[in-house]
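Protein chains in written order, with numbering that gives the first Met the number 0: chain V, 0 to 249; chain A, 0 to 246.
Every residue, glycine too, gets a C-beta built ideally from N, C-alpha and C.
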Amino acid sequence: MTELKLPTLRDEEWRYADAGALERFAPASFDQWRDIEVVAGETMCECLVLDGSEPELRRLRIKVGERARAELFVVNAGADYTRCEVVVHLMQGAHFQFGGVTIGGGEATREFVTRLAHAHPDATSEQTIRAVHWGRATGNFLGRIEVARHAQKTDAAQDFKGLILERGASTNAKPELEIFADDVKCAHGAAIGQMDEQARYYMAARGIPPETAKKLLVRAFIADAFVALPDEAEQERLMNAALAALGDTL
Amino acid sequence: MLAIDNLHAEIDGKPILQGLTLNVNAGEIHAIMGPNGAGKSTLAYVLGGRPGYEVTAGSVSFNGQDLLALEPHERAAAGLFLGFQYPVEIPGVSNLQFLREALNAQRKARGEEPLSGAEFLKLAREKAGLLKLDMDMLKRNVNVGFSGGEKKRAEMVQMGILDPAFSVLDETDSGLDIDALRIVGEGINAIMRQPEKAVLLITHYQRLLDYVRPDHVHILARGRIVTSGGPDLALTLEREGYEAVAA
């Protein structure tokens with residue numbers, strides 16, 4: 000058995016991680032992956048709420064078979080360092096759908112790290128990530144997409160938006176595209192902003208109290224991440240989990 | 000109903016309103032006209048409590064309450080409606096959701112029961128019909144993708160649903176074509192022309208006043224009211240211009 004190399008902030012995929020929290024994990028946890036295989040033509044959909052009080056590493060490796068579909072929706076609202084890492088291998092004609100929200104205040108770092116291998120032709124992927132933070136919290140998205148030389152007609156999209164509710168909070172976005180095929184579409188976007196004060200005042204002018212206005216605006220902001228989730232009850236559950244993190248801190 | 004006394008207000012340290020005094024009684028419609036930069040929109044925003052507009056002197060009493068002591072959402076619950084010159088777009092929030100939240104927040108603040116979904120929809124349908132706005136528009140996100148005229152009609156639907164005692168309408172006529180102007184004018188009359196209500200209409204032009212006939216017309220210049228009169232004052236103004244009338 001080879002010795003496990005522990006990650007440090009010098010590693011590209013860990014550069015925005017919480018170094019102090021990394022030291023608190025058992026070394027073995029850096030080698031723990033949950034492997035999922037979606038067989039050809041099948042669809043899997045999973046919704047996760049990560050809202051524990053301890054540091055957490057949630058690492059998934061998903062192999063999406065030919066013409067299969069993997070859908071993953073995650074609310075990352077842990078009270079401490081919480082990292083959700085997803086490695087996806089897409090076979091021909093496969094699709095990967097990801098919706099992720101990091102939300103929270105305090106001091107914690109919450110992050111999504113995705114690495115998609117478009118290894119075969121005709122596969123598609125769509126990732127929508129929203130980050131909402133306050134206090135001294137940090138939300139990260141590191142999204143790597145690798146398109147192999149023969150993976151023609153790949154259509155990969157990733158979209159990140161961060162909403163900073165208070166000075167002191169931060170978000171980091173790191174789209175990383177490595178494309179060796181020539182007939183592909185890879186769209187990516189990253190934007191970070193503040194609450195729309197005009198919208199807040201407009202709501203107030205109609206009688207909506209500030210805390211309700213904030214909740215409505217945050218809800219609208221993160222809704223994009225769950226819009227591709229067909230099960231409306233699950234959509235509502237994730238939304239409520241995310242908004243619960245918002246609590247009455249505002 | 001509304002008593003503004005010697006109001007001074009500034010933005011970023013720059014004085015805009017400089018001793019404005021105005022009384023509006025229930026059952027009255029007042030029009031405020033004036034050249035660009037006179038302080039018309041500032042007056043609207045000060046009444047609406049918009050952040051960044053600082054009152055440095057004077058008072059505003061609304062039904063005996065100190066209006067300036069209330070937060071913007073409390074002013075709305077107290078019965079004040081501000082019609083925006085530039086209605087704000089809110090992506091991701093539908094008009095119906097927005098208005099139901101607003102109405103029920105106001106009702107809650109007044110100690111009234113919230114309207115159920117069905118009751119609210121009935122009310123929304125009725126008011127949208129009054130302003131000839133398609134119900135489908137209300138299912139869309141607040142003002143997103145609305146034309147200038149649609150935004151203004153949507154504002155009046157909001158006013159109809161929220162049913163305020165007092166409306167400050169800031170250039171509600173701007174951006175309207177002739178038909179929309181008539182519809183909006185008739186909407187204002189239907190919703191606000193009542194003995195227990197009052198309106199402050201801020202406008203540049205006479206044309207809205209052809210539909211919503213004011214009881215009093217005031218000319219605002221250099222941050223205060225320089226001339227007041229009856230409906231004829233607007234016509235004089237239209238004919239002779241601000242320079243002659245407000246000098």
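A distance below 7 Å between beta-carbons, with the five flanking residues on each side excluded, links Tyr52 of chain A to the following residues of its chain, in chain order: Ala8, Ile10, Thr41, Tyr44, Val45. Arg33 of chain V: not part of any alpha helix (DSSP H); member of the beta strand (DSSP E) spanning 33-37, first to last residue. Between Gly138 of chain V and Thr113 of chain V, the C-beta spacing is not below 8 Å. DSSP, reduced to helix, strand and coil, places Val183 of chain V outside both helices and strands of the structure shown, so it counts as coil. Excluding its 5 nearest sequence neighbours in each direction, Leu67 of chain A has C-beta neighbours in its own chain below 6 Å: Val54, Val59, listed in chain order.
From the listed residues V:Arg14, V:Gly99, V:Ala198, V:Ser52, the smallest Cα separation to Pro90 of chain A is found for V:Ala198. Between His215 of chain A and Met32 of chain A, the C-beta gap is not smaller than 8 Å, which leaves the two residues out of contact. Separation of Ala116 of chain V and Ala224 of chain V (C-alpha to C-alpha, rounded to the nearest whole angstrom) is 21 Å. Under the criterion of beta carbons closer than 8 Å, Ala75 of chain A and Gly206 of chain V qualify as touching, at roughly 3 Å. Excluding the 5 residues flanking it on each side, Pro163 of chain A has same chain C-beta neighbours closer than 7 Å at Gly78, Leu79, Phe80, in chain order.
Ser40 of chain A sits in a helix when the DSSP states are folded into three classes. In this structure, Ile28 of chain A sits near Pro213 of chain A, with a CB-CB distance shorter than 8 Å. Within the segment 71-144 of chain A, complete alpha helix (DSSP H) segments of at least 4 residues are found at 71-76, 94-108, 116-129, 134-138, given in chain order. With respect to the 8 Å criterion, Pro54 of chain V and Tyr15 of chain V are not classified as neighbours on the basis of their beta carbons.
Residue burial annotation: Phe159 of chain V is buried, with at least 16 other C-beta atoms found within 10 angstroms of its C-beta.
Annotation for Ile160 of chain A: no beta strand (DSSP E) segment contains it, though the alpha helix (DSSP H) segment containing it runs 147-161. Around the Cβ of Ser146 of chain A, a 10 Å sphere holds fewer than 16 other Cβ atoms; the residue is exposed. By alpha-carbon distance to Asp172 of chain A, the top candidate from A:Gly159, A:Ile160, A:Ile187, A:Phe165 is A:Ile187.
When DSSP reads this structure, Phe61 of chain A sits in a beta bridge with A:Leu1, A:Gln64.
Approximately 6 Å separates the beta-carbon atoms of Asp169 of chain A and Phe83 of chain A; this is inside 8 Å, confirming the contact. In terms of beta-carbon proximity, Gly99 of chain V stays away from the interface with chain A, with every pair separated by 8 Å or more. Chain-order list of chain A residues neighbouring Gln234 of chain V: empty, with the shortest C-beta distance near 14 Å, by a criterion of under 8 Å. Sequence-distant partners of Phe24 of chain V (beyond 5 residues in either direction) whose C-beta falls short of 8 Å from its own C-beta, in its chain, are Pro54, Leu56. Under the three-state reduction of DSSP output, Phe159 of chain V falls in the strand class. Assignment of Ile177 of chain A by DSSP, reduced to helix, strand and coil, places it in the helix class. By alpha-carbon distance to Gln234 of chain V, the top candidate from V:Ser28, V:Leu21, V:Asp10, V:Val74 is V:Val74. By the neighbour-count criterion, in which 16 or more other beta carbons inside 10 Å mark a residue as buried, Lys151 of chain A falls on the buried side. Using a 10 angstroms sphere on the CB of Gln193 of chain A, the tally of other CB atoms stays under 16, which defines it as exposed.
If you look at Phe29 of chain V, you'll find it isn't in any alpha helix (DSSP H); DSSP assigns it neither H nor E. Of all alpha-carbon atoms in A:Arg223, A:Val225, A:Asn103, the one lying nearest the alpha-carbon of Thr211 of chain V is that of A:Asn103.
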